[in-house]
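Reading the sequence shown from the start, the letters are residues -17 to -1, 1 to 961 in mature numbering (1 follows the signal peptide of the UniProt record, and there is no 0).
All C-beta atoms in this analysis are idealised placements derived from N, C-alpha and C, irrespective of residue type, glycine included.
Small disclaimer: the values here were computed from a predicted structure and weren't measured.
Only one structure is covered here, and it is reproduced in the block below.
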Amino acid sequence: MMLVLILAMAVSFGIQSWIEGGVICAVIVLNIVVGFFQEYAAEKTMESLHSLSSPTGTVSRGGQTFSIPSTDIVPGDMIELKTGDTVPADLRLVEAVNFETDEALLTGESLPVQKECDSIFKEDTGPGDRLNIAYSSSTVTRGRARGVAVGTGMFTEIGSIAAALRASNSKRRAVKRGPNGETRKRWYVQAWTLTGTDAVGRFLGVNVGTPLQRKLSKLAILLFGVAVLFAIICMAANLFSSNNEVILYAVATGLSMIPACLVVVLTITMAVGTKRMVERNVIVRKLDSLEALGAVTDICSDKTGTLTQGKMVVKKAWIPSRGTYSVGTSNEPFNPTVGDVTFTAVSPMQFDEEKEGPAVENAESLVAGNRQLEDFLDVASMANLSHVYKSDEGEWNARGEPTEIAIEVFASRFNWNRDRWTKGQGSKGQGAVWHQMAEFPFDSSVKKMSVIFSKITPQEERAMIFTKGAVERIVETCTSVIWDQDSSTPVPMTDHHRDQIFQNMEDLAKLGLRVLALAHRPYDAQTRLLEGSDLSREEVEKDLCFLGLIGLYDPPRPETAGSIQACYRAGVVVHMVTGDHPGTAKAIAQQVGILPADFSAVAADVADAMVMTASQFDRLSDDEVDALPTLPLVIARCAPQTKVRMIDALHRRGRFAAMTGDGVNDSPSLKHADVGIAMGQAGSDVAKDASDIILTDDNFASILNAVEEGRRIFDNIQKFVLHLLAENIAQACTLLIGLAFKDADNQSVFPLAPVEILWIIMITSGMPDMGLGMEVAAPDIMSRPPQSKQGIFTWEVVIDILVYGLWTAALCLTAFAIRMWGFGDGNLARGCNQGWSPQIQDCELVFRARATTFVCLTWFALFLAWEMVDMRRSFFRMQPKSKRYFTQWMVDVWRNKFLFWSIMAGWVTIFPILYIPVLSDVVFKHKGITWEWGIVAVEAVLFFMGVETWKWAKRVFFRRRARKHPMLTSSETAPERP
């Protein structure tokens, strides 16, 4: 687009049209200056947003542990790492438990590296062999560790590589080479050709920026071709005369098709939109996702922490040989002293509220003489990485994963806190009793975690394996269980025992609880852990003794149910993909509205399709999945490959999927989804890197905010693109049809002068379109189906461009004709394209007609910007629920102050352009008008009537269409509803 202006300037100077050339030069300079500052502001905004999504580190300072951006880490900080984290700095490890990192970006080694915190190496040892160092930007693939930061930023190993590569950011394509390094001439030609093509593409903007920016750059090139074609038509209509007036007319017609500020307005709109999203707890990492957000039809959301509060509390604990322990309601999830503890000597499958026992004043008294409960609490407390502690101010705090915190709080209710036994902290003040020997962290593939502890007291010395995890995985590794109330001796586990365990698990899950199992076994002397021995996880986690079940409750967020209902009203289907038990997932899904509350009333085949486990879904072939009456709304026990298959199934049905995730195992699905959404608080750095947007509050309602903001941005882009192109069509048609207006020398006369066209392009397009880009969301934006996959150029938009453009051109030509032939003698004189002088009195009629046309087109373009605030509703009734029946439009035009003042500026500047003598007749080639304002006023009324009639016709059409197809509006595809 800028290229066309440069060519037009060159042509104008070439034919010595100094005024036109000077004005075009000023427009180019203004465009460059404004564009530079706008792009600079946009880049600064994006940099600030990128810093918000940069990797973070968990730092221990001043006795407190908190997360900070990696840029704030300094040498000497103590950093904690866990699976999925990106190492924020070079760390000297001081603690490592089964700790492995992926250092492929540094060493090229494809396999993770096992780290050893106690090892010491010589100074000249290479980076790949320094097993006591975790390197910045490497990814933790397994285990956990703590280390001291010894290098940050450019002083890390990866920083030294970045410094070496800083000057090698070449844009030249590499020459292809054979197996032995040989090259051929055609490979050089190929590399040079591709390098040249890339350079041209960057210059034209067709291979840089977001897909929408590239699409609009291609549109600009198409319009450039149309502009050249129109210029040729102008020259042909005047028999390719070399007359300066003919050349100027051709240049003006070409300029009329150039939306000079389109890409700049788009960039600013997206930058402002991403900044607004930050205010709504959404960080946009990739601008591409803004286009996809408006078209999202399905959201696949995790449960824990997203649909629920992520603050779990233990509600039930079942020990087969004793009974069920229950915990009452508490508003302080970290405080083990709040909430009544009750006990009843029955299992959950026999449990009801009437049998709940009385509250126990001192839960610690339940442990005395209760060996089964002691064993249960040992596993709950030791097979746990969280810490629950009381601060100096008397407040209870916790650090760790929500599930483990809840279990540790439950153990602390019985004074069985981990720190009491491992550090000697507690009310009785005894020394440390349990000492950790080894740890096998939770792994999504085995769904268990195990620890080995030794107990050393004057009375005994023994080692135990403590294991907790998914019920199915624990039960399959258990060979014994303490079942009878009259005996504390383990008995072999039978199928009857397993059936009873699973039935009790189902009953707990029906209450909406997440159920885990606990088990243990002695670590005998023959296999006692020796220093440097290589433990096998399979050997450790076998022949366990089942101890009981523990049920945790994660209450839904208060706003979740309303947000899900808003999603359905917006045509967006919500799916729950969770690793929880099907019963738990189903109960929570019914509470928040993903599943019908009366699920029993749903047809059997549909109900079976609505709730599935990952194994059930994965057993189905693609054809069988496509034949389901509905895709699952709840997938429990979900695995990473299941999420990817779910996205593929949605794509085959023509759906646009958004997927949430927080762990390393969620990365493939986040990458595969149309919009990947990572959790900002609980999410790993790997998940954030694979995502398109990040939720800073891990809240499902923020996803709805992102969809709404994406639709708003999409709508606004459609509005200003429609406004721009309709204006271009109007100008081009006015000039092309105006070719028929021939003067005494048989030369076409401008209905609009070149400088007038430039003025209209800059004043009625640039600032008002920026205002349209800042418009608030339409009232019904979340009550209509998602955007069509056609993008911004739907059939409705294309037809609107033609209708508004042709209607505006028709009125402008009518204004010119009425002034020339209706109230004048139709004398087009000669030389009226060149300028005004007192000697050429015959041109006054042409100049006044041109001024009338100019004012009409300017007003129409400005008023069309207000009409585009809503593409279907009347300008006078954009808020249908408002009680201001005749004055609501006054409120609406003032709501967007940027748009209001942009339009007012365009309206006010008409008057000096019309009435300042030299500026009017020499530069703009028109004269001030008097009674012609009557023509302008009538035409303005006709313009509003035409636009309002077209909007009314569209509303009638889409209303009838909606009655025939309730799920459809415009060209959208009907969303799938449960």
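Alpha-carbon spacing of residue i relative to residue j, whole angstroms
i              : j                 : result
arginine 628   : aspartate 668     : 24 Å
arginine 942   : aspartate 588     : 34 Å
glycine 452    : threonine 325     : 25 Å
leucine 532    : glutamine 97      : 34 Å
arginine 813   : leucine 897       : 22 Å
valine 434     : glutamate 422     : 4 Å
cysteine 826   : serine 272        : 55 Å
valine 555     : leucine 840       : 41 Å
valine 829     : glutamine 173     : 57 Å
histidine 370  : glutamate 758     : 48 Å
alanine 25     : alanine 254       : Below a pLDDT of 50, predicted positions are generally treated as unreliable, and alanine 25, at 49, falls in that range; the measurement from the model is reported next regardless. Taking the straight line joining both Cα atoms gives about 5 Å.
residue 968    : valine 247        : Any property of residue 968 remains undetermined from this structure, which presents the chain solely from -17 to 961.
methionine 928 : phenylalanine 703 : 21 Å
arginine 401   : serine 304        : 24 Å
glycine 889    : alanine 684       : 40 Å
asparagine 810 : aspartate 726     : 8 Å
glycine 749    : threonine 54      : 38 Å
histidine 634  : cysteine 550      : 19 Å
asparagine 682 : proline 539       : 11 Å
alanine 597    : methionine 559    : 12 Å
valine 919     : alanine 798       : 8 Å
glycine 412    : tryptophan 404    : Caution applies to glycine 412, whose pLDDT of 47 falls short of 50 and renders its modelled position unreliable; the value that the coordinates give is listed next. So the two alpha carbons sit approximately 10 Å from each other.
cysteine 283   : valine 557        : 6 Å
arginine 113   : serine 428        : 29 Å
glutamate 106  : glycine 142       : 19 Å
alanine 632    : alanine 586       : 22 Å
threonine 477  : arginine 263      : 54 Å
valine 57      : phenylalanine 776 : 50 Å
leucine 678    : alanine 640       : 17 Å
isoleucine 577 : alanine 713       : 49 Å
Where residue i falls, given that 16 or more other Cβ within 10 Å makes a residue buried
i                 : result
glutamate 347     : exposed
isoleucine 782    : exposed
histidine 909     : buried
threonine 472     : exposed
histidine 706     : buried
phenylalanine 104 : exposed
serine 239        : buried
glycine 352       : exposed
lysine 431        : buried
phenylalanine 894 : exposed
glutamine 292     : buried
phenylalanine 582 : exposed
asparagine 221    : buried
histidine 503     : buried
arginine 44       : exposed
valine 575        : buried
residue 962       : In the structure as shown, the chain starts at -17 and stops at 961, and residue 962 therefore has no counterpart that could be examined.
Cβ-Cβ separation, residue j to residue i (assumed contact under 8 Å), whole Å
i              : j                 : result
aspartate 738  : phenylalanine 907 : As written in the sequence, residue 738 is valine, which differs from the aspartate given in the question. Valine 738 to phenylalanine 907, Cβ: 5 Å. Contact.
leucine 249    : glycine 693       : Rounded, the Cβ-Cβ distance is 15 Å, inconsistent with contact.
leucine 527    : threonine 460     : 5 Å
threonine 561  : lysine 286        : 4 Å
methionine 593 : leucine 616       : 5 Å
proline 734    : cysteine 795      : 7 Å
glycine 67     : alanine 670       : 7 Å
Any C-beta of chain B under 8 Å from that of residue i
i                 : result
phenylalanine 941 : The question asks about chain B, but that chain is absent: this structure has only one protein chain.
Original post:
In chain order, which continuous runs of the beta strand (DSSP E) of length 3 or greater are located wholly inside the stretch 56 to 118?
Top reply: Taking only runs of at least 3 residues, the beta strand (DSSP E) segments lying wholly in the stretch 56 to 118 are 61 to 65 and 73 to 85.
**OP:** Enumerate, from N- to C-terminal direction, the unbroken alpha helix (DSSP H) stretches of 4 or more residues contained entirely within the stretch 254 to 324.
**Re:** Assignment of alpha helix (DSSP H) within the stretch 254 to 324, counting only whole runs of 4 or more residues, yields 271 to 276 in chain order.
**OP:** State whether the stretch 124 to 139 contacts the stretch 69 to 87, with contact taken as three or more CB pairs (one from each stretch) at a distance under 8 Å.
**Re:** Here the stretch 124 to 139 makes contact with the stretch 69 to 87; the two share three or more CB pairs at distances below 8 Å.
**OP:** Would you list, in sequence order, the uninterrupted alpha helix (DSSP H) runs of no fewer than 4 residues that lie entirely inside the stretch 338 to 376?
**Re:** Every alpha helix (DSSP H) of 4 residues or more that sits fully in the stretch 338 to 376 is shown, in chain order, as 354 to 365.
**OP:** Mind the definition here: the stretch 678 to 697 touches the stretch 730 to 750 only if three or more C-beta pairs lie below 8 Å; say whether that holds.
**Re:** No, because fewer than three Cβ pairs between the stretch 678 to 697 and the stretch 730 to 750 fall closer than 8 Å, the two stretches do not touch.
**OP:** Could I get the ranges of all uninterrupted beta strand (DSSP E) runs contained in the stretch 421 to 482, with 3 residues as the minimum, in chain order?
**Re:** Runs of the beta strand (DSSP E) inside the stretch 421 to 482: 431 to 439, 444 to 453 and 461 to 464.
**OP:** Tell me, please, whether the stretch 650 to 666 touches the stretch 622 to 641 by the rule of three or more beta-carbon pairs shorter than 8 Å.
**Re:** By the Cβ rule, the stretch 650 to 666 counts as touching the stretch 622 to 641, because three or more pairs are nearer than 8 Å.
Original post:
Could you give the uninterrupted runs of the alpha helix (DSSP H) lying entirely in the stretch 696 to 768, keeping only those of 4 residues or more?
Top reply: Taking only runs of at least 4 residues, the alpha helix (DSSP H) segments lying wholly in the stretch 696 to 768 are 737 to 744 and 750 to 756.
**OP:** Run through the stretch 205 to 245 for me and flag every whole alpha helix (DSSP H) of 4 or more residues, listed as ranges in chain order.
**Re:** Whole alpha helix (DSSP H) segments, 4+ residues: 227 to 238.
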